[in-house]
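The block underneath contains the structure these notes are about, expressed in structure tokens.
There are 2 protein chains.
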Amino acid sequence: MKIEKTPESSVITRTPFPASRKIYVPGKLHNISVAMREVSLHDTKIHGRNGAAEPNAPVTIYDTSGPFTDPDLEIDVKKGLPQLRSEWIRARQDVEQLDMISSQYGQQRLSDSKLDELRFAHISKPLRAKPGQNVSQLHYAKKGIITAEMEYIAIRENQRIEQHIGELNGKANALSHQHAGHSFGANTPKTFITPEFVRQEVAAGRAVIPVNINHPESEPMIIGRNFLVKINANIGNSAVSSSIEEEVEKAVWACRWGADTIMDLSTGKNIHETREWIIRNSPVPIGTVPIYQALEKVNGKAEDLTWELFRDTLIEQAEQGVDYFTIHAGVLLRYIPLTAKRLTGIVSRGGSIMAKWCLAHHKENFLYTHFEDICEIMKAYDVAFSLGDGLRPGCIADANDAAQFSELETLGELTKIAWKHDVQTIIEGPGHVPMHLIKENMEKQLEHCQEAPFYTLGPLTTDIAPGYDHITSAIGAAMIGWFGTAMLCYVTPKEHLGLPNKKDVKDGVITYKIAAHAADLAKGHPGAQYRDNALSKARFEFRWEDQFNLSLDPDTAREFHDETLPGEGAKIAHFCSMCGPNFCSMKITQDVRDYAEENGLMEESALVEGMQEKAREFADRGSEIYL
Amino acid sequence: MKIEKTPESSVITRTPFPASRKIYVPGKLHNISVAMREVSLHDTKIHGRNGAAEPNAPVTIYDTSGPFTDPDLEIDVKKGLPQLRSEWIRARQDVEQLDMISSQYGQQRLSDSKLDELRFAHISKPLRAKPGQNVSQLHYAKKGIITAEMEYIAIRENQRIEQHIGELNGKANALSHQHAGHSFGANTPKTFITPEFVRQEVAAGRAVIPVNINHPESEPMIIGRNFLVKINANIGNSAVSSSIEEEVEKAVWACRWGADTIMDLSTGKNIHETREWIIRNSPVPIGTVPIYQALEKVNGKAEDLTWELFRDTLIEQAEQGVDYFTIHAGVLLRYIPLTAKRLTGIVSRGGSIMAKWCLAHHKENFLYTHFEDICEIMKAYDVAFSLGDGLRPGCIADANDAAQFSELETLGELTKIAWKHDVQTIIEGPGHVPMHLIKENMEKQLEHCQEAPFYTLGPLTTDIAPGYDHITSAIGAAMIGWFGTAMLCYVTPKEHLGLPNKKDVKDGVITYKIAAHAADLAKGHPGAQYRDNALSKARFEFRWEDQFNLSLDPDTAREFHDETLPGEGAKIAHFCSMCGPNFCSMKITQDVRDYAEENGLMEESALVEGMQEKAREFADRGSEIYL
């Protein structure tokens, strides 16, 4: 593997996944190649057939890990990732390269020589829409244009399942009576995803493609309920300030395990420089909550925030390449007292900041009064709105209350305004909600927000398990994902208690991949079940290595297995650790199947006929065939 | 703490939970005292009120840990737990003490001097129903008798919430607009649980009380969908044969974290002796799968199993005190070929054993043909049926298929036969089921099995995460628990991969307590939300210690917090690690509330009026009140 061994890249995880290789699928409309991961499988040994074997087709997996898992690529975090999209962007001829950074703060930081060793070495001048132009994917989609990003997404979402679907249905037919070619959920396309379908969903506002023109390194992905359910991982600089390379590794690590987007919630010093490093090295869209940085700029005094300061922060971040902004524009002055009677009041940090500002000035939220000004900035860089739920419930007792749903209605009004400007928009949701109140959240969101994609935090389904809130929330996340939520913001085991470490981030991401995939299965997304079937078949056939390699976390699966049965021998053994060598339910099942097949007893009718005559013959063989 | 420090008891975990004490609530109908755990809380410091404080009532928690967490009790595993129920049993005057163990195998083991040092020292002669008598709780319930067990359960299920409910509704009123006194789910009683309600549910077959007359050490509990959702933990002797004390500790450990019943799935040598030790020291009901031991007796050759051998095994275990038996009597000869086309065939071990036997002999399952003989044994000791789902699906692709539902219908027929004999019965369920197919399982079970309690394994909602199947299954378990499943069999992270260690058992139990409690909340069980509210209030008020002590796992919650903010100081600090000292959303919320209260702005209307005049005054104060 040609991996440059600089101190920087040495902290970056670049190990490829076992038995996996990167494949690049070419486009038809555009000159693009879509990265995917292909897992190769061992042959199936057919027992009682003199060791005859039949091959198992490799499994293609949707891959968020980016170039880091391609050993053939040299990566230097100081130079950043290859700019996959820059040609696509320039080819549209609607952007101009600025002579200098527009934001005052950005200029300030750039001219501060004390920051030189912190600064990313290769800062390129920012792009911006030419005067009068709108560079958002929504704008193109409405004009009927299928962009390279849209075709990339169509190919990526299909995971080459079109090559497997015959096989899949074949298997399903053979193996699952009523699921063979079962009809897909109301929320999902009946066939494979086409570039035109992607365009239609974006044009309708039902899906969002977060792709800032200043983040050309990102691999296009889509957030919409008629596509694979996505997950977001939050990262942030630790109290103990870690090196910038370590900050980059946090993002690389989260993407490796399946994060579709990263939110950088860093606070404190040097977040401008840290963000630059993260964006330049991130293969996934980056989201931020700009009010956090704005608050830093006024030393944490919310009442000192101003529109001008906030506006400069938006431009600063937009020109660095942030793909979506969480904006808490729905926290209206008149809603704030609705939270006073709550058990846990306002738990959203952004919501609290705006509430504090509103009460301090007795004015309406400036994010609301300046919303159209914000839209003008968003469409000049194609930054998407993630309209924040500043009044989301912080506990079971506060779920689905007046404050929460009042804000949701306002987010719906704001969505219409954003769409008027062709600015892509997603809606953030709760939080803490017991299972029986989850569906109402989805229904009200669809109703009030005109089907704009829903992006929820969990929700946590109980408050009694701090230390396990990745699990309390995965239950709610899987359900609301099934109901139609497009992206799930992960929760780590440290939620409510402390700052997540590397293990917590991995636990949170894997747990949310489980919730998202469970939702894809329930929605009947084309091909979602293919990976489950391939892994289950491997399990049934004791292809242990294939079972590990097809799993979300091959390292842990292998490690757990080896704790009980170490050694290579065990991995080809025809029994599992639960039953031991004398007896294994899976082996017996295989015997039952062989017997039924050999004796034409695959149907009950055949059984009744065939049974008697076979009985004696079988008894004579002393049923040795079973051992 | 007066804890005997013998080598045996030294391996047993006896540490009480932090800030918790055992309380014993007396009965009214019977001379009983019901064990519960009471967690004491700190006062609430009211800010901006010159340190005024208001007390928080202690929280009572349903306690499965048994006498082991009562430091005032001396426990010697060699002598076993106090026999809580023996007087209740004898007082009914329908049992006789046998002169000797009835089973041939039991006698054999007893007379084998080589086993002397393995044998439990204080084996008492078994009890059995007098000729013609039926000692099952179902039999008493049908006769209108409210047993001591039934009253114990009524008191236990209420968790003294009747003392808190005013407070609870008060809180709910104050804190959650539409949930104040919200109506309970269709599945749950509208008021507190009474002994008569318990009797009615048992008499109707909708609930089961697993209490073998030979397990007087157990604290009565109930399995039924109109009660708290229960969880089961499986334990078994490890390949590396651990000491018998270590086997006992496995059960104690699982009960400590919340297991409501334990299934002993031990295989190999000395399981008879191991089981005796576990039962004598178990405060919860013990379940087994007798066919496993029967298979051991024929050296793993399923085709050598006979009814006589199985019958002797049932009596052997019934006289030791096993409270429920999993019996795979629904695996009928004609259903076996229905599994041949499955992706993963038959994955139930018991199902495979019976399938192998049926095919080897071409006879109908002897558990089915001898079902009434089995009932005669069950009612003589009050052992409950757990009718096994030997044909449950082993993967997503096989969910809800013909083999599974055919067996379920047969389990329904068998339930009617069991009830004819007044034998208590629960029904086992899947397994692996995607979210959109879970509800159908519950509906078919209710329909075919006349509302007998459902007891499911998970179900796992995806197959792609070996190493995390406690989570893939907790999603399905929470949902099916909400839909009406009465008990959830836990899954550990080692599922499909290896044998669970102590950490895996704890992870599995805590994860399933989360699923069960989330279901109780969704069903609206009286008082289920009380613990959530108390913990959330503690969280909001930065009572860190109370938050830890009210959680399912106080040790882990405290440990995670201390990783980021060690030291006592941090635990009384008025900020959490996520926001830092300068800014905390929860602090601001409290400021908003104080402000709204002080200025009579609790209602939107009041806000509009009050806002203007307050504005200037507030601005003058430079909003120092907020800092």
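Protein chains in written order, with the UniProt record's numbering: chain A, 1 to 627; chain B, 1 to 627.
Virtual Cβ for every residue (Gly too), placed ideally from N, Cα, C.
Using a Cβ-Cβ cut-off of 8 angstroms, HIS370 of chain A does not count as an interface residue toward chain B, since no Cβ of chain B sits closer than that to its own.
Between ALA340 of chain B and ALA596 of chain A, the alpha-carbon positions lie close to 7 angstroms from each other. In this model, LEU552 of chain B and VAL252 of chain A are separated by some 33 angstroms (Cα to Cα).
Inclusion of ILE438 of chain B and ILE480 of chain B in the CB contact set at 8 angstroms is warranted, their separation being smaller than that value.
For PHE560 of chain A, the chain B residues whose Cβ falls inside 8 angstroms of its Cβ are PRO466, GLY467, PRO493, LYS494, LEU497, GLY498, in order along the chain. The C-alpha of ALA294 of chain A is placed about 56 angstroms away from the C-alpha of LEU343 of chain B. Around THR511 of chain A, the beta-carbon contacts reaching into chain B at under 8 angstroms are TYR468, ILE471. The shortest C-alpha to C-alpha distance from GLU451 of chain A to any of A:PRO466, A:SER136, A:PHE483 is the one to A:PHE483. Chain-order list of chain A residues neighbouring ASN533 of chain B: LEU343, ALA397, by C-beta distance under 7 angstroms. In chain order, ALA478, GLY481, TRP482 place their CB closer than 8 angstroms to the CB of ALA518 of chain B, counting only its own chain and leaving out the 5 sequence neighbours on each side.
Look at the segment 413-437 of chain B: the residues with a C-beta under 9 angstroms from a C-beta of chain A are HIS432, PRO434, MET435, HIS436, LEU437. When 7 angstroms is used as the limit between beta carbons, PHE542 of chain B is near no residue of chain A, the shortest such separation being about 12 angstroms.
Close CB contacts of ALA557 of chain A within its chain, under the 8 angstroms cut and outside five residues either way in sequence, are with GLN547, PHE548, SER551 (chain order). Straight through space, the alpha carbons of VAL11 of chain B and THR425 of chain B are spaced by roughly 35 angstroms. Residues of chain A whose Cβ lies closer than 7 angstroms to the Cβ of ASP463 of chain B are, in chain order, ASP532, LEU535, SER536. Less than 8 angstroms divides the Cβ of GLU38 of chain B from the Cβ of THR60 of chain B.
For the segment 311-334 of chain B, the set of positions with a beta-carbon nearer than 7 angstroms to some beta-carbon of chain A reads ARG334 in chain order. A direct Cα-to-Cα measurement between SER111 of chain B and TYR105 of chain B gives close to 10 angstroms. About 4 angstroms separates the CB atoms of PRO126 of chain B and GLU319 of chain B; that is less than 8 angstroms, so the two are in contact. DSSP places LYS114 of chain A in the helix class (H, G or I) of the three-state scheme.
Taking the Cα of PRO216 of chain A as reference, the smallest distance to any Cα among A:THR288, A:ARG90, A:MET100 is reached at A:ARG90. Of all residues in the segment 194-217 of chain A, none comes within less than 9 angstroms of chain B when Cβ atoms are compared.
Contacts between GLN293 of chain B and chain A, judged by CB atoms closer than 7 angstroms, are missing: the closest CB pair is about 13 angstroms apart. Per DSSP, reduced to three states, the secondary structure at PHE120 of chain A is coil, with no helix or strand assignment. Distances from the alpha-carbon of GLY321 of chain A to those of A:ASN237, A:PRO283, A:ILE291, A:LYS297 put A:PRO283 closest. When only Cα atoms are considered, GLU117 of chain B and ASN533 of chain A end up about 50 angstroms apart. Contact between the segment 224-233 of chain B and the segment 252-264 of chain B is present: 3 or more CB-CB pairs across the two stretches fall below 8 angstroms. Look at SER102 of chain B: its C-beta is not under 8 angstroms from any C-beta on chain A. Interface with chain A (8 angstroms Cβ-Cβ cutoff): HIS517 of chain B is included. Classified as buried, TRP277 of chain B has 16 or more neighbouring CB atoms from the shown chains inside 10 Å of its CB. Interface criterion met: the Cβ of ARG539 of chain B is under 8 angstroms from a Cβ in chain A. In the structure shown, CYS489 of chain B adopts extended strand secondary structure according to DSSP, grouped into three states. Among the CB atoms of chain A, one or more fall inside 8 angstroms of the CB of ARG593 of chain B. Ranked by how close their Cα comes to the Cα of HIS432 of chain A, the residues A:LYS79, A:GLU413, A:THR462, A:THR415 have A:THR462 in first place. For THR485 of chain A, there are no C-beta contacts with chain B under 8 angstroms, since the nearest C-beta of that chain is about 13 angstroms from it.
Shown here, ASP373 of chain B sits in a helix according to DSSP, grouped into three states.
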